[in-house]
Each structure stands twice: as structure tokens, then as C-alpha cells.
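J.: Below is a structure I'd like to ask you about.
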Amino acid sequence: MISTADRIRQEGRIEGRIEGEIKGEIKAIVSILEMRFGARGLHRMKQIQQISDMEKLKQIFQDVRTAPDIETFEKRLDECME
């Protein structure tokens with residue numbers, strides 16, 4: 020049987036790991052945005068940094084890697100945010 024304190028610590032570690040994964044995904048997206056589209060790509064950075072849904076972030080990561088241009092990426096980002 021697990022104690023309440025142990026359960027709380029375990030939940031905290033899980034939440035911390037998830038938060039770290041989200042921050043890492045955002046960092047990767049921002050890096051690729053800057054590398055592919057320069058300063059123009061970074062103007063959407065604040066919007067992306069507010070996302071906490073890992074599935075949305077994974078889709079955005081895929082979109083930023085595959086979009087042929089910034090306009091296509093921005094359109095995909097807007098669709099993802101709906």
C-alpha cells in the first residue's frame with residue numbers, strides 16, 4: 020500500500036516530466052521556426068508557447084518541419100488552434 024505522501028510525490032514527478040516534455044517540444048518547434056523562416060517565423064512564438072496540449076504540439080512540430088513556406092505553416096497553425 021502506498022502512503023499519501025508517496026502518492027503526492029509520484030504525481031509531482033509525473034507532472035514535472037510532462038511539463039518538461041511540453042517545454043522540450045516547444046523549444047524544438049521554436050528552433051525549427053527560426054531556422055526555416057527566420058524572424059518571420061518567430062512572431063508566432065508566444066502563441067505556441069501557451070499550448071499545453073502535447074498532441075497539438077506534436078502536430079505543430081510536424082507542420083513546421085514539412086510546410087513549404089511560412090504562409091502554409093501559419094495556415095496549418097491556425098487550423099490546429101481552432
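Numbering (my numbering), first residue to last: 20 to 101.
Glycine included, every Cβ here is placed at the ideal spot set by N, Cα and C.
(1) Just the Cα atoms here: how many angstroms apart are T23 and R36?
(2) Residues in its own chain within less than 7 Å of E93 by CB, not counting five upstream and five downstream?
(3) Give every residue of the same chain whose Cβ lies closer than 7 Å to the Cβ of R84, excluding the five residues on either side of it in the sequence, and list them in chain order.
(4) Span of the alpha helix (DSSP H) holding S50?
(5) Go ahead and pull the three-state DSSP assignment for Q69.
T.: From the atom records:
(1) Going from the Cα of T23 to the Cα of R36 covers about 20 Å.
(2) Answer for E93: R63, listed in chain order.
(3) Excluding residues within five positions, the ones whose Cβ falls inside 7 Å are I51.
(4) First-last of the alpha helix (DSSP H) with S50: T23 to F56.
(5) Shown here, Q69 sits in coil according to DSSP, grouped into three states, outside any helix or strand.
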